[in-house]
Amino acid sequence: MDWKNLYRKTEDLLQTYKNKAKLIVTSVLHCAAPCTAMGIPVVLIAKNQENINRFSAIKGIIPIYTYDDLKNNRINFNPKSLNIEDLKQYMLQNLKLSTLKEMGEKIDENKLMQIRHNIQYYKAY
């Protein structure tokens, strides 16, 4: 499949999530992250320790469950939709300042460090 068709299929899938999904149960970060950003409740189940490590980018935003949690009925299958608009703004500010810095512009380094701190230690639940 060429990249244009793959891109189109991806857009279609994201639109389906946005327009139809009431809850996402997945073990895939690339599904969980955009759905969380769209305000769709997500249950993320890590397959193994490697997944738990890879999911660190979303830790603090949504709970990361394990198969052990699933076997022992410790998963909340009725999560609330999250409002993470402030996190989205931090991420956009980080992108803007980081890009300007890489382009040789003078930026407020303290502001950039504070924004990155806010992102790293963000807690939504």
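Counting in the numbering used here, the sequence shown runs from 4 upward without gaps. Note that CB positions come from ideal geometry on N, CA and C, so glycine has one too. The structure presented is a predicted model; accordingly, all values stated were derived computationally and were not measured.
Item: Separation of L16 from Y128, as counted between CA atoms; Value: 27 Å
Item: Rounded distance between the beta-carbons of Y125 and L90, thought under 8 Å; Value: 5 Å
Item: Neighbourhood of V45 by C-beta, 6 Å cutoff - its chain only, sequence neighbours within 5 removed; Value: I27, A35, C38, T39, I65
Item: Best match in N121, T29, I87, M106 for proximity to G42 [C-alpha to C-alpha]; Value: I87
Item: Reduced DSSP secondary structure (H/G/I, E/B, other) of K62; Value: strand
Item: For K62, the nearest candidate out of D71, I48, Y70 (CA to CA); Value: I48
Item: Span separating the alpha-carbon of M106 from that of H120; Value: 22 Å
Item: Opposing strand residues paired with A49 [DSSP bridges]; Value: T69
Item: Inter-residue Cα distance where the pair is T69 and N51; Value: 7 Å
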